[in-house]
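Protein chains in written order, with our numbering: chain A, 475 to 974; chain B, 475 to 974; chain C, 475 to 974; chain D, 475 to 974.
4 protein chains.
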Amino acid sequence: MTEKGGSRKLWGGRFGRDLDESMLAFSESTGPDSRMIGEDIWGSEAHALMLAECGIIEAEHLREILRWLEKAREEFEAGRLTLKRELEDVHMNVESYLRDPAQAGEAGGRLHTARSRNDQVVTDFRMRLRVYLLDIREALAALRETLLELAAEHAYTVMPGFTHTQHAQPITAGFWLSAHAAGLARDDKRLAAAYGRTNRCPLGACALAGTSFPIDRQLTAELLGFDGVITHALDAVQSRDFAVEALAALSMMMTNLSRLAEEFVWFSTPALGMIEVDDAFATGSSIMPQKKNPCAAELARARTAAVSARLMELLTLLKALPGGYNRDLQNDKPPTWEACEGALATLEVMTGMVRTVTLKTDRMAELAGAEFACATELANYLVRERGLPFRDCHELVGSLVAALASEGKTLDEHERVAELLAEAGQEISAEEVAEIVEPGACVRRQQSLGSTNADQVAEMIADLRAALATDRDATQEAHAQLQAAREETARRVAQALGGR
Amino acid sequence: MTEKGGSRKLWGGRFGRDLDESMLAFSESTGPDSRMIGEDIWGSEAHALMLAECGIIEAEHLREILRWLEKAREEFEAGRLTLKRELEDVHMNVESYLRDPAQAGEAGGRLHTARSRNDQVVTDFRMRLRVYLLDIREALAALRETLLELAAEHAYTVMPGFTHTQHAQPITAGFWLSAHAAGLARDDKRLAAAYGRTNRCPLGACALAGTSFPIDRQLTAELLGFDGVITHALDAVQSRDFAVEALAALSMMMTNLSRLAEEFVWFSTPALGMIEVDDAFATGSSIMPQKKNPCAAELARARTAAVSARLMELLTLLKALPGGYNRDLQNDKPPTWEACEGALATLEVMTGMVRTVTLKTDRMAELAGAEFACATELANYLVRERGLPFRDCHELVGSLVAALASEGKTLDEHERVAELLAEAGQEISAEEVAEIVEPGACVRRQQSLGSTNADQVAEMIADLRAALATDRDATQEAHAQLQAAREETARRVAQALGGR
Amino acid sequence: MTEKGGSRKLWGGRFGRDLDESMLAFSESTGPDSRMIGEDIWGSEAHALMLAECGIIEAEHLREILRWLEKAREEFEAGRLTLKRELEDVHMNVESYLRDPAQAGEAGGRLHTARSRNDQVVTDFRMRLRVYLLDIREALAALRETLLELAAEHAYTVMPGFTHTQHAQPITAGFWLSAHAAGLARDDKRLAAAYGRTNRCPLGACALAGTSFPIDRQLTAELLGFDGVITHALDAVQSRDFAVEALAALSMMMTNLSRLAEEFVWFSTPALGMIEVDDAFATGSSIMPQKKNPCAAELARARTAAVSARLMELLTLLKALPGGYNRDLQNDKPPTWEACEGALATLEVMTGMVRTVTLKTDRMAELAGAEFACATELANYLVRERGLPFRDCHELVGSLVAALASEGKTLDEHERVAELLAEAGQEISAEEVAEIVEPGACVRRQQSLGSTNADQVAEMIADLRAALATDRDATQEAHAQLQAAREETARRVAQALGGR
Amino acid sequence: MTEKGGSRKLWGGRFGRDLDESMLAFSESTGPDSRMIGEDIWGSEAHALMLAECGIIEAEHLREILRWLEKAREEFEAGRLTLKRELEDVHMNVESYLRDPAQAGEAGGRLHTARSRNDQVVTDFRMRLRVYLLDIREALAALRETLLELAAEHAYTVMPGFTHTQHAQPITAGFWLSAHAAGLARDDKRLAAAYGRTNRCPLGACALAGTSFPIDRQLTAELLGFDGVITHALDAVQSRDFAVEALAALSMMMTNLSRLAEEFVWFSTPALGMIEVDDAFATGSSIMPQKKNPCAAELARARTAAVSARLMELLTLLKALPGGYNRDLQNDKPPTWEACEGALATLEVMTGMVRTVTLKTDRMAELAGAEFACATELANYLVRERGLPFRDCHELVGSLVAALASEGKTLDEHERVAELLAEAGQEISAEEVAEIVEPGACVRRQQSLGSTNADQVAEMIADLRAALATDRDATQEAHAQLQAAREETARRVAQALGGR
């Protein structure tokens, strides 16, 4: 049987021709696969150890296989093992390295017993994705912490709250920033769930039906740091819902980031001037040096589109795909890697931007009471103190505000406000008016659970910090589990090799 | 202050003109809102009860409000309360009904104390969505059960397993069907998580900052059957991640359904003829009456596109939206309702289609061993019994198969197989060959965890049934919680009214 | 042969059972189809006239068919012909009406000769879509005209131009608004192209292979107002690229509208206050009556997400669909209708909003020179008049601006600017500086083709108006062609019936 | 003024700090920009030539600029000019090369006169995209030609036509393949339209408002091979509809390719076995060497998802972006390049796959008449020859087919068919029946315009070939125009340099 070069040799004698060059370029996946060389080698080590443990291969073969896998790992870690396009994917590259007659040779040919590329590739995919997810969760934790720190500093910094991008009511900067932290906490919950469904081991499902060899799938799963096996063999090779779930969680997180970014863009416009993005996250103009373009925030918005498009790509790719493995599934990895890398980069930049932003608290205070933002509190006062129906109070205050506006006055003209109230039959002294409509007082008066009052904000920040600590613990434990499994595999490899 | 018709009156005296007719048509939401009239009334009842409990409104006002809310509910339940376009949305319709001078009048004007449309609408939204999610989970449970029942019946029905839509290895129909049930079980987990994040109460967040009235948000949350409050007021009014999460879970579920549907389409083609869809889920041709178009499956595929597009719609809608409430958020409901209704209809039809499908077991058996599907087992035999390396065995069997194919023979010509094996240095009797390559035997021989072997399939079915029972219990408990809360609200309403 | 009710009777005797109720609900399309009842009847008239013309049916049968088709049209136009769900679609409803023994009866059974639902449905689809496209083009023309009118009024209204949402250079409002008109002109070109590819007649393609009857496809195409036939029968029934193209054109147009809408939202914030949306397109707050939420613009942004999602839905629906007609294709119409109706409504509202907007020209002027927006012109002056390299001038002016900013001064402090320039070795008098950095002068000085200079803007407006007139002529001609074809069909129908 | 490294120096003295490393990585675009180095240099040459022509820079400066631009081009063409990340983008890299004091130095600082990165980047983008579009049109032409060649060879090859993936009527392979060619011809029309709107020159729009220098935009446009200028400066810098249009055209084309790919997958399953994909476009199995996985087709399906996702990405990115240049727009290029490269690779592979596919004509013929596919023709015969209503004939034949099916017979049992017809009152001889239901005869009998009859197919192929020739001519002319412009620029550069 002649060798025909490339991975063709793995398909035995029938294929008369090599792949067309255009087809090779179209179908090889060494680019995306290069992110999971370490995973592929680790997977093969665990598989080989298990095969020996179960008596499927012999100790001497195991040693040969492990010896050359270790060598491959060394080459890889030294940056010398680069994937050859003509070997198409990471699996063929590693196996071909092994089966080199000068290396493991014949023993290498025993490694693929009770395994198929179908279960192998999805094992590598899950192993690599779980690391991305942990990295993202850590980066997200850093952003949450940064937001909460800044929020805590600004629990008393009054600023305008908006609806419809119009002034609505005074709030505090601490309230504003902690709202984002609260939303991002849910994103972490979704990422954690995606991690849980990702970290199940499909290895041993083989082509689609399982195998007639007496393998021990639990053992491989443990050696690879998985939380357990994904039992059903056909389900294991055909399903990619874990990646869809991860990308959905990332898309939602990015959408949340895009909303924070949008606020950074607008709050830093000259017209509002409430924040100033640090030089390190902005670009300028050679000619208008006062100008600072909030490019980090703009690019974060743009990246959001890229991530949600990757989710759509994966859903469209999977739609109506018949069962078992189809080659289409090879294209599950590029959108997944791109989404993960886009999310990671965005988190890092957003964290830096938030950490270094300057809040212009004077300008915030100046805007906080503008545009009659405290009118609601005046109406609420009437409801509360005078027992009038809410709608009537709102109409009364509405008329009052309209009158002020037509006179070019604001609620800060307390005497005039008192006069107008009196005309409407509500005697309130100018001093009292002053107290009612002062933005800081408005904020302090909000007392309901979750409101912008500093005590409430402090409590929310405390709760969000506690949740953050818990999430970080979970991430660290997950990391530790992977690390321990990696070490246990290494220990067993060393043991097997030591027995040589 | 003159009434200007429509909801304009709620905005007080300043607006000089009514909405343009095109703008009214563009902005009113009575169509989508009509799905949540009951929720809106319930929400108002709970809010009113809480206001009285906290001493914010008086008992007599409470009675007036509740009396007319009950009336509104009766009208609604009798189908007589239809939403008026010119009142724009469900909230204004209900409030306007109440404030009619002939009805609660002035007292009705007190209901909106410590509440805003911003928190009210997202409360209604969450209350309606949670019901959809429970309905969907129940419909999904029915499909899972149906698949598992059919799978259990066919634990021994041998059929071909495919990869690349090409024959790969023999499996059983029970294995095939239970793989789908396994995938759908994860969809339920995602729906359950979405339910958990949906069922949190935003009421009391008011416009965005909370309120200065001493409200009890926990009480409202309990009366409305929520699992708790969504604390941060700004987060509560601006976030829609719960809907995105629900639509992401539905998109993945639909994608799984589309893959099952695709298999139903192709398995029922004349060329394969492995299943026959029941008349009740197919359409025919007037001229080729033997023809049966698997329309239910085709339409399920199409519906998948509609659901994932709704997810994309929601993500795009939210992208880069600044904080607080923006009117864009009004358009969160149409895609959500459409996705839920599409998913429900698809589940119902798919369940009916699976429940009534006929498996043509003879044809399945005939195809199971075709296309040398048992060659893998022959190679594995050599690995196992002769201790040869896997790759060598595969090459040997590959050459053997190629030889058979060139002679127009199959693996069923056991004598010839034995001859070819002998030529390759592997003596195996024709009888033994027959035993090795019989599809049923191949299936039986798979022994690994999660493999197509009947025992494994039986265990997986048992596990999936146990998980299904757990999921159903959870759904029923959730339903019961909502029902109990509804009854508790009714009890308190009756008590308040009885005290008149 | 017994009737089984519903459209089942059309499939002859084999189907033992009616459709499952869930399946009927899932598969019937009377809702979306109700938009094309008129088209379906017209299509049948033309088909019948052609069949008679070609000698395939006899004059007396033609008369019976036409008589009852006219009757159906009358019923439909009087609002009495509503589609019955159990007859599934518009075609079966119309045919069933006809074949009623009390009506055309047996003759009705001849109408479907040389026709299939496969070509009939796509004919109706194209006929209805082309009308939507013309309506949209007209609505778009109205918006373009409105933008150009407002632009022409404001050729000299100076305002700030933005990049990165930061002040960049002074422009005019006429320049700003005409830019949107320029972009929308290209959208019309794309819609026109989509119209051209939509308005081709597939009728006569039959199920997929054409027919053995000697039909005259050109005749039907003419009677139905098409620009020609879509020749290839299989292509005609399986392709939906015309709808994708239409939705792509609409998605781009909506994206352009969303950008205009975004500017309306932000320009009408109190911080900028450059425009005021009319009451008829805004909503207010009961408590802050000065507040005006630009809801029309917000909802336009939201609608954009809905339209581009429909494009995605259609692309996903079609992806990897095998050839010929598949039932999935039934779901091509809902996203198409929704996209068209969303686009139409958005155009109408945006046109009204632009038509009635108030430009606050004083505020625009005030902001035009803010933020050193004229610094570029000062640098350009140095390049032009002093022959210095561009980069050097920009650095020089940059330093100057930085110095001014640190002193809390602006470019309007001409003496100080002159001083600083002198320090940098460039003597320019304060008077000259004043002339250089006056926003209006900056605008006037822009002289390049397409620049913000009033003459350039006037020329662009003239060109855009000319293009608009041409586009409107094309739309009107297309409308006229449809009308003429409709009348010709009616004339022939009358002639045929008159011969009774 | 100290140099701070990177492009910071271009923003003058104010920025106190360099970009954060994470921000640099996030914001630099040298990867995507590396595809348009040649375009950037060409654009600068043309701009410099124009500046000199208009008297804005002097001849000696022009020479210095051109000399070093030529040098840069040489370096680039020799693969020695690679973009430095810290210089962020292609423009800064080229300009920085030029301004090196050892190179053009001060003169290089004059090149950016009357230009901004805002107009420069979109000029480069359009220049690069137009080349991709031409390359794609050529690759598409090759596929169309290949399909038409194969179609022409198989004008008489009878095969089954499908609807609902069920046998419907006999067609020919020529008819099948030419249908795809017909659909792809429309894709080319859309690509041509996108090219037309892409190939307009924005250079000279400057930052957004045009310039006060007396530039000649027509001249630059001509030197760069554009069909004209995009006049409105603000429109020119803010619009990206040309890229959306290109991606929409590509998405539709890919969707069409995915449908052809789907048919290749299914037609090559063992169950149908109507085609065999060549070894060069398939992969095999080491153990089932007869197995051939149609990977090229599977990967083409998958790539479709990637391209339509890029369209969605671009639409989402642009949605609600305010006017002028925003940094988000930088991310327009990656999805565009990826879509173009994905489309090109898919076209190339699909062309190779179609060119080398084997049609198994015997198997096609065998399947053509199966499943009563000729029953329609029998009914049509009765309509035509016996004057019966269509619906009645179809019911009659339906009953006949049902009877045959219940007897396990087919339409090929002509005697029995004749008997059953006689029972139904229609005397037709067995010989006549044979003639009616022979698949080849059925095909020949289709006579309508665009039907599957060989003459019709031949005419359609001729028309499609003529259209292809026209399209190719247009592509070649466009290529020639670009080439001529490139040469004219080179000529003028040489002339300017020669004058040194």
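The beta carbon of each residue, even a glycine, is placed where N, CA and C say it ideally should be.
Scanning A:E619, A:P634 and A:G670 for the CA closest to the CA of S652 (chain A) turns up A:E619.
Contact with chain D is absent for L731 (chain A), since none of that chain's Cβ atoms lies less than 8 Å from the residue's Cβ. Non-local C-beta neighbours of F864 (chain C) in its own chain, meaning closer than 7 Å and more than five positions away in sequence, comprise V857, ordered along the chain. Note that the stretch 730-742 of chain A touches the stretch 809-828 of chain A; at least 3 beta-carbon pairs, one per stretch, sit closer than 8 Å. DSSP places V751 (chain C) in no alpha helix (DSSP H); its state is neither H nor E. Unbroken alpha helix (DSSP H) stretches of 4 residues or longer found wholly inside the stretch 584-629 of chain C: 591-627, given in chain order. Proximity of chain C to T587 (chain D) at the Cβ level (cut-off 7 Å) is accounted for by V857 and F864, in chain order.
DSSP, read as helix, strand or coil, puts L555 (chain A) in coil. For the stretch 492-506 of chain C, residues whose beta-carbon sits nearer than 8 Å to a beta-carbon of chain B comprise D492, L493, D494, S496, M497, A499, F500 and S501. In the three-state reduction of the DSSP assignment, I645 (chain B) falls in the strand class, which pools E and B. Counting along the chain, T504 (chain B) sits inside the alpha helix (DSSP H) bounded by residues T504 to D507. Under DSSP, V703 (chain A) takes part in a beta bridge, and its partners are A:C675.
Ranking B:G512, B:P796 and B:N805 by CA distance to the CA of M601 (chain B) puts B:G512 first.
What L792 (chain B) touches in chain A, judged by beta-carbon distance under 9 Å, is M726, T729, N730, S732 and R733, going in chain order. Pairing I749 (chain B) with T743 (chain B), the inter-Cα distance amounts to about 8 Å. Excluding sequence positions up to five before and after R837 (chain D), its CB lies within less than 7 Å of the CB of G747 and M748, all in the same chain and listed in chain order. Taking the beta carbon of H638 (chain C) as reference, the chain D residues within 8 Å of it are G798, Y799, N800 and R801, listed in sequence order. Spanning the alpha carbons of A877 (chain C) and R664 (chain D) requires a straight line of approximately 54 Å. Among the bridge pairs identified by DSSP, M633 (chain D) is matched with D:I645.
Shortest Cα-Cα distance from G758 (chain B) to any of D:A616, D:Q969, D:L821 and D:G872 involves D:G872. Bounds of the alpha helix (DSSP H) holding I515 (chain C) are I511 to E527.
Close to chain B, meaning a Cβ-Cβ distance shorter than 9 Å, are the following residues of the stretch 683-698 of chain A: A683, G684, T685, S686, F687, P688, I689, D690, R691 and Q692. For V828 (chain B), the uninterrupted alpha helix (DSSP H) segment begins and ends at K807 to T830. Proximity of the stretch 514-531 of chain C to the stretch 591-599 of chain C meets the contact definition, three or more beta-carbon pairs being nearer than 8 Å.
Uninterrupted beta strand (DSSP E) stretches at least 3 residues long and entirely within the stretch 779-810 of chain C do not occur.
Each residue's CA atom was taken as its position, placing Q712 (chain D) and L493 (chain D) some 26 Å apart.
By the 16-neighbour rule on beta-carbons within 10 angstroms, Q930 (chain A) is buried.
A direct Cα-Cα distance of roughly 41 Å separates Q643 (chain C) from A659 (chain A).
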